[in-house]
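K.L.:
Okay, handing you the structure first.
Chains as they are written, first to last, in this note's numbering: chain A, 772 to 1299; chain B, 11 to 463.
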């Protein structure tokens, strides 16, 4: 294993006890490069601006219909140098993939290649309007269609809906396709089955689409209990939502049997594709009987997470569901031309090219989807190619198993006995000393220089810690992380009470979330 | 492969540590019939950075970029100048490659930014509380309709005929599944919005009235009269703002009685990007409605040493806690676009925003007057901000195509948005922003005159 710190520097062992690690207080509250930054509302003012625009003329024409905004708005401004400094200082209080390994299970925090950023900013992509005459944006439709063709090929599915704006929006798209397909055959079903280990978006989506949600039980291996599922299927079940690989980091071995049983009972199979990174280029969900699956372009295909978005959630669809996908869509005709199909042309286009089969459930968003994410994802896919993507899945799975096997002697790994994991390794808090928790371990990991793993998810494992290293980490980076992870795990098992105070070295100590919720303060107010 | 750091030696060492003889051992749970025997056939293999860039550049060149033509499109997406420092800041790795701030001790940069963003949006909208963003204006609008049903326990939404038709279509689509009843209409084709007609459609069963401000034809309506009428019937007013720059010139919807204000934030910081990613804005006028809001909220608190800090809060509304009882299924939102908005709005400040709005309105007035002088052209609007409707006396769509062939992106033919409204077929929606030059306006007027005659 590599040394944790190649410079050889180590803190004084007794520094924590004597408080010397803090040094004397500073007059600014800053600690060298750790800089405190006030709110914009405390440093800006309404008379300052960082842009050069003409001063309005008093006698300028006014056609605002008498609705002029006379009252102050209260928006402070900063000059450009102050603006750049304000946000640069704020940025330094954030952890990002660029700083280090980001083992957030189920979120696939992989490196974001900078070529993707460069391409997305080409004027032909960044500076085009969604309603331009179609002949002036043929390249945009070609990007959408080229990416669509890759997604269909990689998943072995029949078609793809490109417009959903994020994973949860994609889930909604898939469930609405299922609902539309059932309604088209006059079949009113009421229930969607969702495993307890599912992402919260799954039950929320099914409920939003008007379905009642029921649990599917898991077996002792951390997988769907096939017999229990079969027993629950019936004429009231519209479908199942299954995550594969699942949120325990395991491949659902019985996926094909699950699909067959659901289809036999007249339902549809929705697959949550959040974990597609584990199998991309190696396994095609279409071969497992899946009817609909969203693909988080911001996970598997590396469009940046950006502190919470934007995402993009195209949904691949089976032959049975593809006709019901949303408008607008693009389609390549035999002459090689890519067409945009909106409400206006939908029926005629369907008659001419699809034998009248297309019967979209409608529109989910104003325009064509996340074009800025499509250009990045297509760039990523072309860079990797079929061989590179297969290697992505294999390295992601290899890295996760390396962590699993490097930790299982120390940490409770509830499903390690049942075989290899996929792209993420799951641990529980069994054996922690005192009343230390997963939260304490995670906060101690922050002091070691890492963003913590996903905590308390999935719900089926007590004190769950879900670790997803991704394929873009080197062996040296993994070894360093394992060393840190083992250190904090050992401290947790030894009942090291100081962990309850962690983190010590982050820009902030633990934050009072109860106070935030009890007395919500959600916007700046004057006079503070 | 340049993005994959493991060497073959590393892989062999790691397999040995794991106790697996080959990578295939790790995929043992995948049924044999679903295992591919190699890379998916008929797809290309990996390519160099140079080769990929060349391919993508060729595709981008098939599009006519807005900067390369006199450009007059709006209808829910507006071209504004975005200062260079905005793009610089959103590309800082600490923002670009961060996750949702679930670990607040090491995400204060994102959280403080969101708090500032929420505060800016609330003030712009004349509201008490704004959330940390939605996908875009159209989905925010649907979420507002769903929220109004929860608040009023009614399920009949009344849509103004002059609501963006794509927004109305999103609402109609979602309502099919939630069983909300949607009363919609076609836009009245006259100089002023038909407020009386809209008010007449509100009754005791109405959950909300959805009004765009300025509306799809660019007209500025007096929301106050609509709010008064709706509140009298116990309905909420949802104001939809597709052009936030307008609020540097016209009154805030919250100050005119709107209960929920939603809209598109793309104009500030985000750019055109062919329709996405955009930035959904969502705010409520009265704090009492906060717990029915969808999406993430960032709030102020203190840390264990008493220092001010920020966290995501009130998450018991959200899917990761509430699951099927959540106020929405939204998870990922538009965080980085919110940062772009936040930075651009900070550069503008109140002074810059008002100047920007004034410059947009000045140029729009200039354009309206100039185009009105073209024989056969008349301006429909009595009022407008930076977008207005002109009537051409003949089908607008072929005119738009002809002008595009001449290198002029003339606007949005209203038949593109309302293919079934014959009365709008001669109408063209023209948007003018600070990026439009007086030469551009002259070029449009001259070309239009030639094409129409």
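Where is the CB? At the ideal position from N, CA and C, for every residue including glycine.
Note down, in chain order, each residue of its chain lying with its Cβ closer than 8 Å to the Cβ of residue 1003 (chain A), except the 5 sequence neighbours on either side.
P.N.:
Taken in chain order, the residues that qualify are 964, 985 and 987.
K.L.:
Excluding the 5 residues flanking residue 340 (chain B) on each side, which residues of the same chain have their C-beta closer than 7 Å to its C-beta?
P.N.:
The answer, listed in chain order, is 144, 304 and 305.
K.L.:
Got a sec? Which residues, its chain only, sit under 7 Å from residue 198 (chain B) by beta carbon, not counting five neighbours each side?
P.N.:
So the qualifying residues of the chain are 171, 204 and 207.
K.L.:
Inspect the CB distances between the region 828-841 of chain A and the region 1248-1255 of chain A and report whether three or more fall short of 8 Å.
P.N.:
Result no; under three Cβ-Cβ pairs closer than 8 Å.
K.L.:
Do you know how far the Cα of residue 151 (chain B) is from the Cα of residue 377 (chain B)?
P.N.:
Those two C-alpha atoms are separated by around 31 Å.
K.L.:
Note the first and the last residue of the continuous beta strand (DSSP E) segment covering residue 966 (chain A).
P.N.:
Note, residue 966 (chain A): beta strand (DSSP E), 962-966.
K.L.:
Along the chain, where does the beta strand (DSSP E) that runs through residue 397 (chain B) open and close?
P.N.:
Unbroken beta strand (DSSP E) run through residue 397 (chain B): 397-401.
K.L.:
From what residue to what residue does the beta strand (DSSP E) around residue 1068 (chain A) run?
P.N.:
Here residue 1068 (chain A) belongs to no beta strand (DSSP E), and DSSP marks it neither H nor E.
K.L.:
Is it a yes or a no for the region 278-287 of chain B touching the region 1135-1146 of chain A, going by three-plus beta-carbon pairs under 8 Å?
P.N.:
Result yes; three or more Cβ-Cβ pairs closer than 8 Å.
K.L.:
Run down chain B in chain order and give the residues with a C-beta less than 7 Å from the C-beta of residue 1110 (chain A).
P.N.:
Residues of chain B passing the Cβ test: none, with the nearest at roughly 15 Å.
K.L.:
Looking only at its chain, what residues have a beta carbon closer than 6 Å to the beta carbon of residue 1214 (chain A), apart from the 5 residues adjacent to it on each side?
P.N.:
Around residue 1214 (chain A): 1273 and 1274.
K.L.:
Of all the alpha helix (DSSP H) runs that stay within the bounds of the region 1192-1245 of chain A, which reach a length of 4 or more residues?
P.N.:
Counting whole runs of 4 or more residues, the region 1192-1245 of chain A contains the alpha helix (DSSP H) stretches 1209-1218.
K.L.:
Considering Cα atoms alone, identify which of A:1203, A:1082 and A:1114 is closest to residue 342 (chain B).
P.N.:
Considering only alpha carbons, the answer is A:1082.
K.L.:
Please work out which residues of its chain come closer than 7 Å, Cβ to Cβ, to residue 772 (chain A), disregarding the five sequence neighbours upstream and downstream, and give them in chain order.
P.N.:
Reliability of the predicted coordinates at residue 772 (chain A) is poor, the pLDDT of 44 falling under 50, and the value obtained from them is presented with this limitation in mind. Correct list, in chain order: 1250 and 1254.
K.L.:
Is DSSP giving residue 857 (chain A) helix, strand or coil here?
P.N.:
DSSP places residue 857 (chain A) in helix when its eight states are reduced to three.
K.L.:
Keeping to the same chain, check which residues put their C-beta closer than 8 Å to that of residue 1161 (chain A); ignore five residues upstream and five downstream.
P.N.:
Around residue 1161 (chain A): 1051, 1052 and 1053.
K.L.:
With 16 as the cutoff for other CB atoms within 10 Å, does residue 956 (chain A) come out buried or exposed?
P.N.:
Label assigned to residue 956 (chain A): exposed.
K.L.:
Are the beta-carbon atoms belonging to residue 1111 (chain A) and residue 905 (chain A) less than 8 Å from one another?
P.N.:
Yes, these two residues count as a Cβ contact at 8 Å.
K.L.:
Counting C-beta neighbours from all protein chains within 10 Å, is the total for residue 801 (chain A) 16 or more, i.e. buried, or is it exposed?
P.N.:
Exposed, since its Cβ has fewer than 16 Cβ neighbours within 10 Å.
K.L.:
Hey, is the region 796-811 of chain A in contact with the region 848-863 of chain A, meaning 3+ C-beta pairs nearer than 8 Å?
P.N.:
Taking 8 Å as the limit for Cβ pairs, the verdict is that the region 848-863 of chain A does touch the region 796-811 of chain A.
K.L.:
Can you tell me where the beta strand (DSSP E) holding residue 292 (chain B) begins and where it ends?
P.N.:
First-last of the beta strand (DSSP E) with residue 292 (chain B): 290-294.
K.L.:
To the nearest angstrom, how far is the alpha carbon of residue 294 (chain B) from that of residue 233 (chain B)?
P.N.:
So the alpha carbons of these two residues sit roughly 16 Å apart.
K.L.:
With DSSP as the reference, label residue 1039 (chain A) as helix, strand or coil.
P.N.:
Residue state, collapsed to three classes: strand.
K.L.:
Quick one: which chain A residues come within Cβ less than 9 Å of residue 218 (chain B)?
P.N.:
Going along chain A, no residue has its Cβ under 9 Å from residue 218 (chain B), so there is no contact; the nearest lies around 18 Å.
K.L.:
To the nearest angstrom, how far is it from the Cα of residue 989 (chain A) to the Cα of residue 133 (chain B)?
P.N.:
Taking the straight line joining both Cα atoms gives about 49 Å.
K.L.:
Assess contact between the region 1007-1021 of chain A and the region 964-982 of chain A, defined as three or more Cβ pairs (one per stretch) separated by less than 8 Å. Is contact present?
P.N.:
Judged by Cβ distances under 8 Å, the region 1007-1021 of chain A makes contact with the region 964-982 of chain A, as three or more pairs qualify.
K.L.:
Using only CA atoms, which one of B:212, B:149 and B:202 lies nearest to residue 181 (chain B)?
P.N.:
Of the listed residues, the one whose Cα sits closest to residue 181 (chain B) is B:149.
K.L.:
Hey, does residue 16 (chain B) have any beta-carbon neighbour from chain A nearer than 8 Å?
P.N.:
So, interface residue.
K.L.:
Contact between the region 250-270 of chain B and the region 186-195 of chain B: three or more CB pairs below 8 Å?
P.N.:
Not touching, per the Cβ criterion.
K.L.:
Taking the DSSP output, what are the residues bridged to residue 308 (chain B)?
P.N.:
Its beta-bridge partners are B:322.
K.L.:
Just verifying my parser: in three-state terms, what is the DSSP assignment at residue 436 (chain B)?
P.N.:
It is coil, neither helix nor strand.
K.L.:
I want to know whether the region 61-79 of chain B touches the region 251-259 of chain B - three or more CB-CB distances under 8 Å.
P.N.:
No, because fewer than three Cβ pairs between the region 61-79 of chain B and the region 251-259 of chain B fall closer than 8 Å, the two stretches do not touch.
K.L.:
With DSSP as the reference, label residue 92 (chain B) as helix, strand or coil.
P.N.:
Residue 92 (chain B) falls in the coil class under three-state DSSP.
K.L.:
Can you find the residues in the same chain that come closer than 6 Å, C-beta to C-beta, to residue 381 (chain B), ignoring five residues on each side of it along the sequence?
P.N.:
Excluding positions up to five away in sequence, the list reads 387, 400 and 455.
K.L.:
Do you know whose CA, among B:104, B:328 and B:405, lies nearest residue 141 (chain B)'s CA?
P.N.:
The shortest C-alpha separation from residue 141 (chain B) is found at B:328.
K.L.:
Closer than 7 Å by beta-carbon distance: list the chain B residues that pair up with residue 1144 (chain A), in chain order.
P.N.:
Near residue 1144 (chain A) (Cβ distances below 7 Å), the residues of chain B are 287.
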